[in-house]
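J.: Respectively, the protein sequence lines represent chains A and B. Each position in the first sequence, counted from 1, maps to that position plus 3 in our numbering. Each position in the second sequence, counted from 1, maps to that position plus 447 in our numbering. Just so you know, even glycine gets a beta-carbon here, dropped at the ideal spot from N, CA and C. I'd like to ask some things about the structure below.
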Amino acid sequence: MAGYIVRRILGVVPVMLAAATVVWCLMFLLPGDPARLIAGGQGVDPRVLESIREEWGLDAPAPVQYFHYLGKLLRGDLGVSYIQRRPVAAIIADHFPATLVLAVAAVLLAAVGGMLLGSLAAFTRNRLLDQLVLVLALLGTSTPVFWLGLMLMLLFASHLGWLPVLGYGMNGPVIPWIDARLPEWDHLVLPAVTLSLVSLGVIARLTRASLLETGGAEYLVTASAKGASRLRVFTRHALKNALVPVVTIVGIDFAAMLGGAVATEYVFAWPGLGKTIVRAIALQDLPLVEGGVLFLTFIFVAVNLAIDLLYVYLDPRIDSRRAA
Amino acid sequence: MTTLPDRLTSQGQALTIRLLLGAGVLALCALACGQPAPLAPDGEQVFRFRLREDPPTLDPALSTDNLSEAVVMNLFRGLVFMNPETLRVRPAVASSWTISEDRLRYVFSLRDDVRFHNGRRVTADDVRYSFERLLRKEVSSPRRFVLEPLAGAAAFSAGESDTIAGLEVIDDRTVALRLEKPFAPFLAMLSMAAAALVPREVYDDPQSRYLRAPVGCGPFRLTGWEQSNFIELRAFDDYFAGRPHLDRVVVRIIENRESALQEYRAGGLDSLDEPPGPDTGEVYAELQDEVLRFPYIATGYIGFNTALPPFRDNATLRKAFNYAVDKDYLWEVLMPRGNTAARGIIPPGIPGFDESLPGYPHDPERARRLLAEAGYPGGEGLPDVTLWVNTSEDNRRIAQQVQADLRKVGVALMIREVDWGAYMAAVAGTAEQPGEAQMFRFGWFLDYPDADAILRMTLHSDNIGPLGNFFRYDNPEFDRLVDEALVLTDPDARAALYREAERIAVMDDAVWLFLNYYESSTLFKPYVKGIVPTPLGEFRIPLELLRIEIP
């Protein structure tokens, strides 16, 4: 197991190198002049543009710029944002906690809600509740997040006034050792629910299917015959094995939420990393785009590793198959 | 034998009932939860407005956009300040000044009660430091043109001199500025953010911490900035012109217009810069009494690249395009949000604005005649023409309407929509090479309320390329008139020269497709008082004059 983990971690390096190269090339090929965007304004003196290019190394040939960037990366330096003129690492540190909180809340809602609904649907197979769950799941997966967020905002915030319209809040608790502010809890509700609904639908359907497939297994019959209670049979045997594919989806969705909650962040003015990276692309802020993408790549790989390790707990056969 | 699903079905039904009951209880609890956060604590005057993005910078030397200036103009002050209502220059850090007969030497006397937010008194040496900083090459300020009229500014910027020859600190409270030649809008340019005074001990920081913790001598000081969330300003108690009424200003960063509108309606904002238009029906009816409208010193147009075919050396063709487009329809029917059809370049309210300028009213018949005169009867033989716009719904709608109008006279116009970076590269080109955009939608905001800020900046041949003359317009007579107006002192004489120059560019050369004069429209809650609408734009409404009076 330890060897497996080490191999997986070492495998991250070529993945991130490839990601860094691809993103750098794509950003470099974008039409437009980053110096012009750094300068801003309506008209700009060409002498100022020259000065900016010199200051940021934008006048060097492309290979020189690339290797210079790579060199800094290998030293752990993600560079400085062209537009904000701040270290990229600091910008990521500013925005990632907001994305993390949102993603954790959304994935918990999706996982718990999805498994609950999927279980209910399996229990009440082919009855009204089952059909209702399937329809809701379909709606969840097919409704655009942007529209859904606005509708929830209009209903629960604007009309009913139960929750704030948007934002992160200004008075949430601060975690002192990382100097990050948590959102006010009521500000988290609508964005988390919005972001969770797509995944919730998928998880519900998958849980239902998985439970129905597992339900007739012989080992469950054996367990029941040996005197295990119905609840124990369900929780210790059926659910645990039915969860293996569900864990995969939850993990993938969590990783996707960490980088792809842009629409939700946009609708609810959530100060997350996804929106920040998208904005950086529009402004051709190459260091911030690169740094953000690399960071999310690392997170994605780490989440996948965690999922793999969780598999072993859920299904010990997976570990012995690997050993074999 | 029953299977597990069958056995669990009955358990599931019982579970379902328990769940539904639980959900009902939760809903009741949620109902009991409070409304969105109330307004300010008792007695505190708080004003909340929205910016669609974080300001790219709060460094006055680097500030070039209205997002940055929305905050910067409240944190900093320079020698002089622009009265937002009258657009006249008035004293700020300088209590008074004298100007020599030849208009070359300005001597400023500073107030002795001005302090930076860190408590230190402002002196004449701070003027020298701030001006040198703006001109220093390594700062790469896009606004250094503000001080380039100073004698020796160019040599200092190029690193050929350690000091600015035209800047003299006479004593602790007196500074003299000498120009290379008379420059009529010089005082107006000194009121811009770039000429703000900053303390050396903060702005010499090699780690540039001032970017997140700016220090000026304006009416407000920065007390908080959470990226993509909010910026918080607090009243500066020692502000030399008197402490503002407001205790706190909260700038909310909300990108999505619809979301921002909902937040305004729910009471989370006291002002909103993008009110709904009449085309939004019920929402407009609900809020129209809270909309404040006022002119904005900017002109919208579609530029012609006169260095590229088919517009090169073909003013007749450009005039044909102008007559073909129905600008009144565009601004009164299609997008009725306050802009008005433009007849020329200088916007209303600026000295030199010409009421009698005929412009190009909608006349398709005349357009067809001119098209034939230009060598393209019915549009036949006209090379492909593409209109470039940067990504925005409004630009797209304008482009599509212009396309439709031109089609009626036989011109097949293509539209190309790209993001800002690619757009500016296609429009501006370089000083040597034109951009590839034949036509492009643009708007020019006047940095200072003087016709020079638009005529010279956008159409003088000295500024061909990224400086502002994207059209590569080169007319010696136009240049001569604008150059002459720059050094005159009599406002009426200057205005007459600018009107003459404008007529050449508009009626002789049709250098643009003249689209609109802008109007600002902003929502304000009824309890916000002391609003001074300004042609400088909604983000230049002086916050230090606002007060909140909630009944």
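Is the CB of R11/A under 7 angstroms away from at least one CB in chain B?
T.: Closer than 7 angstroms: no.
J.: Cβ of A272/A less than 7 angstroms from any chain B Cβ?
T.: Closer than 7 angstroms to some Cβ of chain B, the Cβ of A272/A qualifies, so yes.
J.: Kindly confirm or deny that the region 282-292 of chain A and the region 31-50 of chain A touch, where touching means at least three C-beta pairs closer than 8 angstroms.
T.: The answer is yes - the region 31-50 of chain A touches the region 282-292 of chain A, with three or more Cβ pairs under 8 angstroms.
J.: Taking CB distances under 7 angstroms as the criterion, tell me whether M904/B reaches chain A.
T.: Output row for M904/B: interface = yes.
J.: Distance cutoff 7 angstroms, beta carbons only. Does G269/A sit that close to anything in chain B?
T.: This sequence places Tyr at residue 269/A; Gly is not what is there. So yes, Y269/A belongs to the interface.
J.: Return no unless some Cβ of chain A is closer than 7 angstroms to the Cβ of N837/B.
T.: Cβ-Cβ to chain A under 7 angstroms: no for N837/B.
J.: Within this structure, are the beta carbons of F768/B and L960/B separated by less than 7 angstroms?
T.: In this structure, L960/B lies closer than 7 angstroms to F768/B by Cβ.
J.: Express the C-alpha separation of I749/B and G825/B in angstroms, rounding to a whole number.
T.: Roughly 22 angstroms separates the two Cα atoms.
J.: For Y748/B, list the residues DSSP reports as bridge partners.
T.: Paired residues: F889/B and F961/B.
J.: Do R642/B and G799/B have their C-beta atoms within less than 7 angstroms of each other?
T.: Per the sequence shown, residue 642/B should be read as Ala rather than Arg. Taking 7 angstroms as the Cβ cut-off, A642/B and G799/B do not qualify as a contacting pair.
J.: Taking L935/B as the reference, which of N513/B, D619/B and P632/B has the closest Cα?
T.: Nearest option by C-alpha distance: P632/B.
J.: Got a sec: is the Cβ-Cβ distance from P913/B to anything in chain A below 7 angstroms?
T.: Closer than 7 angstroms: yes.
J.: Beta strand (DSSP E) containing D930/B: first to last residue?
T.: No beta strand (DSSP E) contains D930/B, which is instead part of the alpha helix (DSSP H) from P923 to V934.
J.: Run down chain B in chain order and give the residues with a C-beta less than 8 angstroms from the C-beta of K278/A.
T.: The contacting residues are S675 and E702.
J.: Verify whether the separation of the beta carbon atoms of R668/B and F687/B is less than 7 angstroms.
T.: No; because the gap between Cβ atoms is not below 7 angstroms, this pair is not in contact.
J.: The beta strand (DSSP E) spanning G754/B covers which residue range?
T.: Inspection of the sequence shows that residue 754/B is occupied by Ala rather than by Gly. A754/B -> no beta strand (DSSP E), and no H or E assigned at all.
J.: So, helix, strand or coil for N916/B, using DSSP?
T.: Strand, per DSSP.
J.: What is the rounded straight-line gap between the Cα of E996/B and the Cα of R580/B?
T.: About 42 angstroms.
J.: In chain order, which continuous runs of the alpha helix (DSSP H) of length 4 or greater are located wholly inside the region 676-716 of chain B?
T.: You should have 704-712.
J.: What's the gap between the Cα of D189/A and the Cα of A92/A?
T.: Roughly 29 angstroms separates the two Cα atoms.
J.: Quick check on the DSSP output: the alpha helix (DSSP H) that includes S604/B runs from which residue to which?
T.: Looking at the DSSP string, the run of the alpha helix (DSSP H) that includes S604/B is A600 to S604.
J.: Counting only beta-carbon atoms, is M173/A nearer than 7 angstroms to chain B?
T.: Answer yes: the Cβ-Cβ gap between M173/A and chain B drops below 7 angstroms somewhere.
J.: How is L990/B classed by DSSP in three states: helix, strand or coil?
T.: L990/B falls in the helix class under three-state DSSP.
J.: For T511/B, would you say it is in contact with chain A, using Cβ-to-Cβ distances shorter than 7 angstroms as the test?
T.: For T511/B, the answer is yes, since a Cβ of chain A falls inside 7 angstroms of its Cβ.
J.: Using Cβ-Cβ distances below 8 angstroms, what residues of the region 587-598 of chain B are close to chain A?
T.: Cβ contacts with chain A come from S587, S588, P589, R590, R591 and F592.
J.: In whole angstroms, what separates the C-alpha of V574/B from that of Y69/A?
T.: So the two alpha carbons sit approximately 41 angstroms from each other.
J.: According to the Cβ coordinates, are F971/B and L739/B closer than 7 angstroms?
T.: Taking 7 angstroms as the Cβ cut-off, F971/B and L739/B qualify as a contacting pair.
J.: Straight-line CA distance for V16/A to F303/A?
T.: If you take the alpha carbons of V16/A and F303/A, they lie about 13 angstroms apart.
J.: Taking 7 angstroms as the threshold (beta carbon to beta carbon), is G868/B in contact with chain A?
T.: Interface residue, yes.
J.: Considering only residues of the same chain and omitting the five flanking positions on each side of P485/B, which have a CB-CB separation below 7 angstroms?
T.: Below a pLDDT of 50, predicted positions are generally treated as unreliable, and P485/B, at 36, falls in that range; no measurement from the model is reported.
J.: Compare the C-alpha of S193/A against each of V168/A, A212/A, V177/A and M173/A and name the closest.
T.: In the sequence on display, residue 193/A carries Leu and not Ser. The option with the nearest alpha carbon to L193/A is V168/A.
J.: With F592/B as the anchor, note down where its alpha helix (DSSP H) starts and where it stops.
T.: From DSSP, F592/B is part of no alpha helix (DSSP H); its letter is neither H nor E.
J.: Who are the near neighbours of F578/B in its chain, counting only those whose CB is closer than 7 angstroms to its CB and skipping five residues on each side?
T.: Once the five neighbours on either side are set aside, the close Cβ partners of F578/B are L594, I611 and L614.
J.: Which partner residues does F70/A have in the DSSP bridge list?
T.: DSSP, once it has assigned bridges, lists no residue as partnering F70/A.
J.: Quick one: Cα of E216/A to Cα of G121/A, how far?
T.: In a straight line, the C-alpha of E216/A is about 13 angstroms away from that of G121/A.
J.: Of the residues R647/B, S515/B, T545/B and F528/B, which one's Cα is nearest the Cα of P538/B?
T.: Taking only the C-alpha atoms, the option nearest P538/B is F528/B.
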